[in-house]
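Numbering (this note's numbering), first residue to last: 43 to 364.
Structure representation (structure tokens):
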């Protein structure tokens with residue numbers, strides 16, 4: 043079995059609908075009282091034809107090993123065949139009432155033709171809804187097959203989950219709407235119920251959260267870690283800026299310290315001219331370095347801030363966890 047057989051089955055059903063439309067139009071021409079009911083059936087024919095064309099187009103270039111599983115292919119073929127059976131039943135119904143001894147009008151009103159046609163129209167509408175669900179399942183299968191990239195699959199997981207939930211809701215709604223009265227079409231409705239159950243099982247297995255977790259992805263940085271990294275970068279910038287801002291002050295402090303600590307003893311002993319200049323420069327360098335380190339250390343300590351993380355832990359601005 044392959045998707046091409048689905049496409050061929052859809053084309054066959056489209057031809058069957060076209061043939062049935064001719065019979066419906068002829069019956070409506072002979073029976074004016076049935077025009078409203080016949081128009082409703084004609085509209086269902088048009089909707090079904092459009093839907094079948096879309097389904098045939100989506101599966102026309104498929105392969106046996108393509109995105110459609112054998113289970114889904116079997117279910118779609120069964121639904122199409124079941125719908126074809128309803129079309130044949132509708133044609134037989136029209137022929138029976140047209141050839142009735144009561145006449146077309148009498149058979150339509152007294153012989154139960156109107157009620158029977160309403161039931162068949164409901165069956166067509168139900169099959170159309172089931173085929174719409176099947177078309178959505180085909181679209182999901184194709185989308186999952188096309189998106190080979192793991193990142194694309196992860197981003198599309200939510201969309202697939204939502205579509206699957208919608209499909210399951212539609213299946214549950216159709217279960218409640220399908221009539222199961224004792225009639226020649228009850229077998230068709232029972233078959234449709236079975237296909238709905240199969241589609242429900244298949245839709246539930248389409249989205250598997252565990253499969254998404256099995257794919258290896260690069261670890262995603264959590265929001266608290268991103269905040270901590272951001273504050274760490276900011277702390278580094280603040281520390282460097284603080285050092286640049288305080289450096290002139292450090293040199294000034296060292297220069298004043300040298301004036302106070304070197305010149306005063308020189309003046310007291312009157313030996314300023316006898317001290318080598320490199321001694322003065324060396325002492326100035328040492329004191330300036332000590333003063334700069336002290337001011338820089340003070341700036342770093344002052345700029346260390348604590349940021350509250352979402353996880354409840356505290357983390358310092360330089361990235362150290364407390």
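Backbone N, C-alpha and C define an ideal beta-carbon position, used for all residues, glycine too.
CA-CA distance, residue 122 to residue 93, rounds to 11 Å. DSSP places residue 98 inside the alpha helix (DSSP H), whose first and last residues are 77-101.
Taking C-alpha positions only, residue 176 is separated from residue 143 by approximately 42 Å. With a threshold of 16 other beta carbon atoms within 10 Å, residue 124 meets it and is buried. Looking only at 328, 50 and 60, the smallest Cα-Cα distance to residue 130 is reached by 60. Taking every protein chain shown into account, the CB of residue 101 has 16 or more other CB atoms within 10 angstroms, so this residue is buried. Segment contact: the region 141-156 against the region 82-98, fewer than three CB-CB distances shorter than 8 Å; contact not assigned. Between residue 170 and residue 90 a beta carbon distance of about 5 Å is seen, short of the 8 Å cut, so the two are scored as contacting. The C-alpha of residue 62 is placed about 16 Å away from the C-alpha of residue 77. Its Cα nearest to that of residue 120, the residue 48 stands out among 325, 331, 330 and 48. With contacts defined as CB atoms closer than 7 Å, residue 173 and residue 128 fail to qualify as a contacting pair. For residue 152 and residue 74, the gap between their C-alpha atoms comes out near 16 Å. In the DSSP assignment, residue 128 falls within the alpha helix (DSSP H) that extends over 112-140.
Burial is judged here by how many other beta carbons sit within 10 angstroms of a residue's own beta carbon; residue 79 has at least 16 and is buried. Looking at the backbone, the Cα of residue 136 and that of residue 180 are separated by about 34 Å. Between the beta-carbon of residue 183 and that of residue 114 there is about 7 Å, and that keeps the pair under the 8 Å contact cut. Closest in C-alpha terms to residue 168, from the list 83, 66 and 52, comes 83.
Counting every other CB atom within 10 Å of its CB across the protein chains shown gives residue 157 a total below 16, marking it as exposed.
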